[in-house]
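The next block holds one structure in the form of structure tokens; read it before the comments.
Protein chains: 2
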Amino acid sequence: MRWSSYYQTASRVFHEYPSWSKAVVVCTVISSGGLVAYGDARPVQSEFGNEIPKKKVVVLGTGWAGTSFLKNLKDPSYEVHVVSPRNYFAFTPLLPSVTCGTVEARSVVEPIRSITRKRGASVQFSEAECYKIDPKNNKVYCRAVQGKKLGSAEEFSIDYDYLVIAMGARSNTFNTPGVQEHAHFLKEVEDALRIRRTVIDLFERASLPSLSAEDKKKLLSFVVVGGGPTGVEFAAELHDFVHEDLSKLYPSIEKYVKITLLEAGDHILNMFDKRITDFAESKFFRDGIDVKLGSMVVNVSENEISAKERATGQVVSLPHGMVVWSTGIGTRPEILDFMKQIGQINRRALVTDEWLRLEGFENIYALGDCATVNQRRVMEDIAAIFSKADKDNNGRLDLKEFREVVGDIIERYPQVEIYLKKNQMKDVANLLQKSEESSLTADIEYFKDALSKVDSQMKNLPATAQVAAQQGAYLADCFNRMELCEKYPEGPIRFRGVGRHRFRPFRYKHLGQFAPLGGEQTAAMLPGDWISIGHSSQWLWYSIYASKQVSWRTRMLVVTDWSRRFIFGRDSSRI
Amino acid sequence: MRWSSYYQTASRVFHEYPSWSKAVVVCTVISSGGLVAYGDARPVQSEFGNEIPKKKVVVLGTGWAGTSFLKNLKDPSYEVHVVSPRNYFAFTPLLPSVTCGTVEARSVVEPIRSITRKRGASVQFSEAECYKIDPKNNKVYCRAVQGKKLGSAEEFSIDYDYLVIAMGARSNTFNTPGVQEHAHFLKEVEDALRIRRTVIDLFERASLPSLSAEDKKKLLSFVVVGGGPTGVEFAAELHDFVHEDLSKLYPSIEKYVKITLLEAGDHILNMFDKRITDFAESKFFRDGIDVKLGSMVVNVSENEISAKERATGQVVSLPHGMVVWSTGIGTRPEILDFMKQIGQINRRALVTDEWLRLEGFENIYALGDCATVNQRRVMEDIAAIFSKADKDNNGRLDLKEFREVVGDIIERYPQVEIYLKKNQMKDVANLLQKSEESSLTADIEYFKDALSKVDSQMKNLPATAQVAAQQGAYLADCFNRMELCEKYPEGPIRFRGVGRHRFRPFRYKHLGQFAPLGGEQTAAMLPGDWISIGHSSQWLWYSIYASKQVSWRTRMLVVTDWSRRFIFGRDSSRI
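Following this line, the structure appears as structure tokens:
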């Protein structure tokens, strides 16, 4: 990804000279935009003239994965048809900001048609949902999401040569009763808008002259379920909105506001470093946000939410005016249907290989939150690896033989590299060398033993925008070089087959993660286990988020929104 | 009104030096904001210390009239309670721009709480609707507009000393069947947002691959009913949106778009000068907007609209994807109920005297679109006027006597002044003087005869934002000086009573009117019958509309929106 290098430089600069952070912001916004503009302006390679019909690519979804694929697909020899119920891409990391009007909804969305318009490939878009995939006949069945004004004309099917499934996930209720009916999710732009309206509604209702203090308290009890980055950021945003803006307009009822965060685990932000978790918990304590750890919600009703406290085993009920449910993702029903159809039972998402290809299918790809990469275990292939490496077939591997395949092994099984790093082995040869003195040849048993712990380093990828975006860009890059790599494969040796894989497998590069905590403070976990908490990370956050916007338009709008918020505060009109 | 002087200066400058217009824009935006800021910063006169309880003023409505009243009420001796189903003020003249995203909805609204926060008077707001007024007991009954979560607690009553009714009007369907169900109005912010979503919906539906050309045509047939300024501006905005922005993203279906404007009268914009009407009609003709004059809509169904053509008497049906209904205003049901209750039957709105006081009530005022001023005829009072003027009671009026009361006559009966101007009489004495030589005294018959044609100059005020805003400011001014004017009345003589009226009656100053026609062209009818059409009026329009914004926040947002539209076009994401 284009941003990785910028990001790393910025992190380094920032690390070494923290006071530069604000200058970085400006430079980022300008330089990154410039890069994009440069990208936009590049002339499209047109290699027409041959009569080969264009390959049809159907893309399902316009979220991070699908849009990143479309943005990076440059080869004009594809005919792309995008199907999604949303005709826009939404910059979802800013959704918590949209809930309180820190940025406007329109500032974080960009029509998918204008994103694809300037790309090389010819792209068609249909605002519809795919309700059935027929992989035998290479067909998807779709229908319009809007009303049925035109009857049957609103259903259609599309043929494909390649299918890219990037339909995302839905919020997971863990089948908790009442959540679907009485809680707000925070997954789509509409959710964020609904939350914003509800917050204002509650403040207006609580201002009515006929209400008792009891009623006002009930209405202004906000409960956030889930202490992940989204839940935490929403709680922080809401706190700021209430105490920075609403307190001025509703001074008499500010005292009734109560924000509670329920987390089933032992800590909030548990995917972050302990220092960040501690900081966040104590900041929330100072802010008066009530964080209840070890609280598992068992029921949500119209006016009450009940949670079981792990420490005491008791079920405690809280009154609420609004519940926001943000406990992670679950599988979409269409994806579940498709999984049943192709025999992928009891998985949480579509299973792909390391090339993002749906297991069992040559021409279907799945990426983003609706997919999971099934990483191959070294131990599964250990015999094949050994025999491929043992070129002279003498039953023993010497250092020379090992050195020849080790690059392919590391490429095919990334856990090997992580294992080496973790154990501070500079040279892969160390793997075979139990002590300085030991023999430099190994038989299969020795080899197995040496690699036996490697697979423990395998990790599932997190369900984040970053993973989805990198997957989309990776797949587009493969599609761009499909023909080339068919002839000159660039991937690792096929240990169980013949020749090489066409492409290198997908590798995720973690670029860090932010957790905004309100009051212009952000916690950041950056590459190299570097932790940053406070106002300067907030500026880094502004900088990165502005630069990552999908278009110059949204970039300008987001920056304007932030400036407007600084000057005028957040708007509280109920529209 | 504060703006009138600016406006007149600007018009003059603009008239004399048309090329200055763009400079005026900048100056306006800056200087006007400055004025507002200055107004905001003025210290409130606090004359507490006396034990008189504060007078309770209840204001119903937060539209132009109500908000203007609240903005201008400076006397801290009132306790104001505002009740409105909308917790914000909307700058309605920009609603047609909101329908196509030329400006965003949030840019034209400002929370009523932040408008009133900095004013002198203490203001409380309740988001509720008033469903009953009890003028005998000085009470209004209200209920919350949102869901019924809290049961009976959401109904309440408020006592008042003064009641200001400014509830506005609703769209008038003239009881045409199907309008309520199948047409869009353009009166509230929500309407504009709904129209915007529908336009994008229709373009997305028409892009579905399964649709026939016939279906696409049906979907993309937009029908606007009503050739007033709102309907015309919406048609023009829609045309620009389609051909400037959507055509780039939906190139294959642009050709199916058809915009039709149905007007029952002989011309569109019939309240404007003939030159403007002609220009608008020929511009629309060039743009391909089909203007059907003399077409009276008789029925609207889900997919068709039927209109009776006056020329042929035939009923013609058109298919439609969307109908926007903008044919003028009607009375709100709550107002109709109240009118029945107080015996004002068969009127289109609440009838007030020239001081905006509801006829028959001392402490109830009605202004804006829900009210109409019942102007007094000179002929009704002619005997009283004569006897008041005839100080020496000799049955004849001489010039001296006449001169003494003529100021009061003109103040009380503004039609006299209009009549004088129309007949180019420089001196009022001319009224009594049929020829240079004739006697300068008059008896009652002669006096009646001289004034007999004066009442023909009476005109109802138009139902515009300008009238409502001026009424609100006028009434606030009266409230600010209530005590003072009780002691020292400043109004004209009471011809039928004793002494003087407390206040001068309300006088409307027409500051001109705009009709944006699309393609950066606007028609303007300015004071002094000066007509301006074209790009320079568009700049004047930008200038005036930016300066008239209710706050610095909305002013900045509107200007940013315009800039954004110039650079990036309008957004077409379906949110």
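Residue numbers (the numbering used here), protein chains in the order written: chain A, 27 to 601; chain B, 27 to 601. Virtual Cβ for every residue (Gly too), placed ideally from N, Cα, C. Please read these numbers as outputs of a predicted model, since none were measured by experiment.
Determine the burial state of Glu-73 (chain B): buried for a count of at least 16 other Cβ atoms within 10 Å of its Cβ, exposed for fewer. In this prediction, Glu-73 (chain B) has a pLDDT of 49, which is less than 50 and means its spatial position is unreliable; nothing more can be read from the coordinates.
Name the residues in the region 114 to 125 of chain B whose C-beta lies less than 7 Å from a C-beta of chain A; which are they? Tyr-114
Can you find a C-beta in chain A that's less than 7 Å from the C-beta of Arg-402 (chain B)? no
In three-state DSSP terms, what is Trp-381 (chain A)? coil
Does chain B have any CB closer than 7 Å to the CB of Thr-303 (chain A)? no
Chain-ordered chain A contacts of Met-348 (chain B) [CB-CB under 7 Å]: What Met-348 (chain B) touches in chain A: nothing, since even the nearest Cβ is about 11 Å away.
Kindly indicate which residue of B:Gly-525, B:Arg-591, B:Gly-595, B:Cys-504 has the alpha-carbon position closest to the one of Lys-100 (chain B). B:Cys-504
Hey, out of A:Asn-98, A:Gly-194, A:Val-166, A:Val-129, whose CA is closest to Ala-392 (chain A)'s CA? A:Gly-194
Tell whether a beta-carbon distance below 7 Å holds between Tyr-534 (chain B) and Leu-487 (chain B). yes
What does Ile-141 (chain B) reach in chain A if we use C-beta pairs closer than 9 Å? Chain A residues near Ile-141 (chain B): none, gap ~10 Å exceeds 9 Å.
Could you tell me which residues DSSP pairs with Tyr-104 (chain A) in its beta bridges? A:Lys-81
Could you give the distance in angstroms between the alpha-carbon of Ser-148 (chain A) and the alpha-carbon of Gly-257 (chain A)? 39 Å
Going by C-alpha distance, which of A:Ile-435, A:Ser-332, A:Asp-313, A:Thr-353 is nearest Leu-344 (chain A)? A:Ser-332
Does the beta-carbon of Ala-572 (chain A) have 16 or more other beta-carbons within 10 angstroms, so that it is buried, or is it exposed? buried
Report the CB separation of Leu-212 (chain B) from Phe-151 (chain B) in whole angstroms; it is logged as a contact under 8 Å. 26 Å between Cβ atoms; not a contact.
Can you tell me the Cα-Cα spacing of Ile-355 (chain B) and Thr-490 (chain B), whole angstroms? 10 Å
Below-7 Å beta-carbon distance, Val-251 (chain B) vs any chain A residue: no
Contact belief for Asp-292 (chain B) with Leu-319 (chain B) at Cβ below 8 Å, rounded distance in angstroms: 6 Å
Exposed or buried, Gln-340 (chain B), counting other C-beta atoms within 10 Å across all chains shown (16 or more means buried)? exposed
Over the uninterrupted alpha helix (DSSP H) stretch that includes Pro-161 (chain B), give me the two end residues. Unbroken run through Pro-161 (chain B): none, as it is neither H nor E.
With 8 Å as the limit, tell me which residues of the region 214 to 233 of chain A have their beta carbon closer than that to any beta carbon of chain B; keep them in chain order. Val-215, Glu-216, Leu-219, Ile-226, Asp-227, Glu-230, Arg-231, Ser-233
Inter-stretch contact (C-beta, 8 Å, three-pair minimum) for the region 583 to 598 of chain A and the region 577 to 592 of chain B: yes
Would you check if the distance between the CB atom of Leu-423 (chain B) and the CB atom of Ala-468 (chain B) is smaller than 7 Å? yes
Thr-88 (chain B) versus chain D: which residues are under 9 Å apart at the beta carbon? No chain D is present in this structure, whose protein chains are A and B.
Where Leu-382 (chain A) and Val-84 (chain A) are concerned, what is the direct C-alpha to C-alpha distance, given to the nearest angstrom? 15 Å
Met-451 (chain A) burial status per 10 Å Cβ neighbour count (16 or more: buried): exposed
Once DSSP output is grouped into helix, strand and coil, what is the label at Pro-345 (chain A)? strand
In angstroms, rounded to a whole number, what distance separates the CA positions of Arg-373 (chain B) and Val-205 (chain B)? 23 Å
Measuring only between beta-carbons, confirm whether Ala-170 (chain A) sits less than 7 Å from chain B. yes
Would Ser-239 (chain B) count as contacting chain A if we go by Cβ distances under 7 Å? As written in the sequence, residue 239 (chain B) is Ala, which differs from the Ser given in the question. No, because no Cβ of chain A sits closer than 7 Å to the Cβ of Ala-239 (chain B).
Suppose the cutoff is 7 Å on Cβ atoms and the five residues either side in sequence are ignored; what does the same chain contact list for Arg-520 (chain A) look like? Arg-526, His-527
For chain B, is any of its Cβ atoms less than 7 Å away from the one on Ser-343 (chain A)? no
Who does Ser-247 (chain A) pair with in a DSSP beta bridge? A:Lys-284
Consider the Cβ of Pro-111 (chain A): report whether some Cβ of chain B lies at a distance smaller than 7 Å. no
Check this for me: beta carbons of Thr-142 (chain B) and Phe-115 (chain B), under 7 Å apart or not? no
Which residues in chain A sit within 7 Å of Ala-131 (chain B), going by Cβ to Cβ distance? Ile-601
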